[in-house]
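Each remark here refers to the structure printed beneath this line.
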Amino acid sequence: MRATVLVRPKEGILDPQGQAVEQSLRKLGFAVGHARVGRVVDFEVEAESAEEARERVDEMCRQLLANPLIESYEVEVQG
Amino acid sequence: MKPRVAVIQFPGSNDDRDAVWALKALGADASLVWHAEPELPDETGAVVLPGGFSYGDYLRCGAIARFAPIMDAVTRFAAENGLVLGICNGFQILCEAGLLPGVLRPNASLSFICRDVAVRVERSDTPFTSRCEPGQKLVIPIKHHDGAWFAPPDLVEELEARGQILLRYEDNPNGALDSVAGVGNEAGNVMGLMPHPEHAVDPLLGSGDGAFLLASLLDAVAERPSVPVALA
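Order-wise, the sequence lines are chains A and R.
Every letter in the first sequence is one number past the one before it in this note's numbering, and letter 69, counting from 1, is 69.
Offset between the second sequence (1-based) and this note's numbering: plus 79.
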């Protein structure tokens with residue numbers, strides 16, 4: 001099954017990368033605000049069901065893919 | 080016997096040899112230990128996790144190195160009250176491993192900063208700062224991109240109350256919360272800091288102030304019995 005993990009800086013956490021991207025977009029004339037930069041991790045995961053895959057990916061997020069002090073994550077499973 | 084210090088070498092470490100050099104200059108029996116080793120050398124008195132870019136800093140700084148084989152032994156060593164010092168990337172690894180509180184985030188400026196900074200010693204009654212006076216200013220270089228220490232407000236309050244903030248920047252260079260440059264664990268045997276004491280042990284190189292910290296560590300090793308490492 002194909003899993004996608006979206007990792008974001010938590011609400012309220014200073015995100016200098018997001019600020020830099022926002023400034024650049026504004027310089028280009030785009031009216032944007034509150035830009036945040038996160039990370040996408042895509043991979044194949046072996047599992048019998050989507051539910052099992054989701055549980056496994058959730059465990060991966062807690063152990064490695066996200067740091068709960070500063071990041072939140074979302075898991076999508078397809079297939 | 081000279082204090083025996085194991086300096087862990089991860090793929091991508093680059094201050095490992097400097098750490099060994101500095102510790103030897105201060106009288107230690109220091110040697111490199113490869114990250115894939117399952118155990119620390121016999122009679123290890125302290126472990127140093129050096130600076131660098133372990134595993135290319137992929138994902139988050141220190142996030143992958145914390146799962147290196149040697150880290151199990153380092154975690155057991157710390158749990159048995161062994162002395163562990165993490166410098167820069169080593170600090171990041173200890174935070175990711177949960178051996179130290181908080182996390183290191185990209186500098187607020189998004190710039191890599193490489194220069195001498197002044198830090199204030201908050202406590203001198205620790206194995207890492209015993210040669211300092213409380214409030215003493217040390218000039219030690221930093222060189223990092225991800226050095227802004229962060230922890231949630233309730234955790235910071237707890238750390239303050241327990242005296243776990245050990246070093247603060249005089250002039251916050253990187254956006255670290257409360258100007259924190261170094262923290263300790265609750266038991267007091269693990270410390271991490273972003274400045275590089277191993278680059279400041281000889282006044283010829285600008286400052287000798289890093290020696291206050293490293294020599295404190297070696298004093299502490301000499302004073303305590305070595306931790307048995309093969310108990311697993």
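Quick reminder that beta carbons are idealized off the backbone N, C-alpha and C, glycines included.
If I'm right that residue i touches residue j with Cβ under 8 Å, what's the distance once you round it to whole angstroms?
i         : j         : result
Leu-256/R : Phe-229/R : 5 Å
Gly-214/R : Arg-199/R : 6 Å
Ile-149/R : Glu-116/R : 5 Å
Val-218/R : Asp-288/R : 5 Å
Leu-246/R : Glu-201/R : 6 Å
Arg-56/A  : Ala-47/A  : 6 Å
Gly-131/R : Ser-92/R  : 4 Å
Given residue i, which residues of its chain have a CB within under 7 Å of its CB, disregarding the five upstream and five downstream residues?
i         : result
Val-32/A  : Glu-22, Leu-25, Arg-26
Pro-232/R : none
Ser-286/R : Asp-195, Val-218, Ile-219, Ala-279
Just curious, the beta strand (DSSP E) that residue i is in, first and last residue?
i         : result
Ser-188/R : Premise fails: Ser-188/R is in no beta strand (DSSP E) and is neither H nor E.
Arg-229/R : The sequence given here has Phe at residue 229/R, not Arg. Looking at the DSSP string, the run of the beta strand (DSSP E) that includes Phe-229/R is 227-229.
Ile-13/A  : Looking at the DSSP string, Ile-13/A is not in any beta strand (DSSP E), and its letter there is neither H nor E.
Gly-263/R : 259-263
Kindly indicate which three-state DSSP category residue i falls into: helix, strand or coil?
i         : result
Ser-24/A  : helix
Gln-171/R : helix
Gly-214/R : coil
Ile-70/A  : coil
Tyr-137/R : coil
Ala-311/R : Its pLDDT being 40, under 50, Ala-311/R is placed unreliably by the model, and nothing is read from it.
Val-99/R  : helix
Met-273/R : coil
Val-32/A  : coil
Phe-43/A  : strand
Glu-249/R : coil
Arg-56/A  : helix
Val-37/A  : coil
Asp-233/R : helix
Cutting at 6 Å between CB atoms, please list the residues of its own chain near residue i, excluding the five before and the five after it.
i         : result
Val-300/R : Pro-82, Gly-124, Ala-125
Gly-169/R : Leu-128, Pro-129
Gln-63/A  : none
In the DSSP assignment, find the unbroken alpha helix (DSSP H) run with residue i in it and report its ends.
i         : result
Ile-312/R : Absent from the structure is residue 312/R, since the part of chain R shown begins at 80 and ends at 311.
Beta carbons nearer than 8 Å to chain R: which residues of the region 3-36 of chain A have them? Ile-13, Leu-14, Pro-16, Gln-17, Ala-20
Name the residues in the region 201-219 of chain R whose C-beta lies less than 8 Å from a C-beta of chain A; which are they? none
Please list, in chain order, the residues of the region 225-253 of chain R that have any C-beta partner in chain A closer than 9 Å. Ala-227, Phe-229, Ala-230, Pro-231, Leu-234
Identify each residue in the region 181-198 of chain R for which the Cβ-Cβ distance to at least one residue of chain A is less than 9 Å, and report them in chain order. Gly-181, Val-182, Arg-184, Pro-185, Asn-186, Ala-187, Ser-188, Leu-189
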